[in-house]
Amino acid sequence: MNKNFCTSLIDDPSFLDAQTSNSAQMLEPGNKIYSLKSSEWKGFVIGGIVSVTEDNGESFGPSSLVNDPPVQRWTLD
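With our numbering, you'll find the sequence shown wraps up at 1290, consecutive numbering, no jumps.
Here it is as structure tokens:
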């Protein structure tokens, strides 16, 4: 196991220009670029943003992700 592993957050997107893949096309607003290096290899990860919202766990409860329908088509009694 290699103990010389380093991870760095990269602020300059031009870092991707030096990579062998066409990774600049994958970059979207808000993504973060992380450089990965060890004594035996180097690489990178492009990380996106994950947002989570939790409700009370009720199957038919209101959602903060989806708007209520304009017409209520059915109800559970």
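No residue lacks a Cβ here, since even glycine has one placed at the ideal position from N, Cα and C. Because the structure is a prediction, the values reported are computed rather than measured.
With 16 as the cutoff for other CB atoms within 10 Å, does Ile1262 come out buried or exposed?
It is exposed - the Cβ of Ile1262 has fewer than 16 other Cβ atoms within 10 Å.
Cα separation between Ile1223 and Ile1246?
Those two C-alpha atoms are separated by around 5 Å.
Distance check for Ile1259 and Leu1240, CA to CA, integer angstroms please.
Distance between the alpha carbons of Leu1240 and Ile1259: 7 Å.
Look at Phe1257 and Gln1232 and say whether their C-beta atoms are less than 8 Å apart.
Here Phe1257 is near Gln1232, since their CB atoms are less than 8 Å apart.
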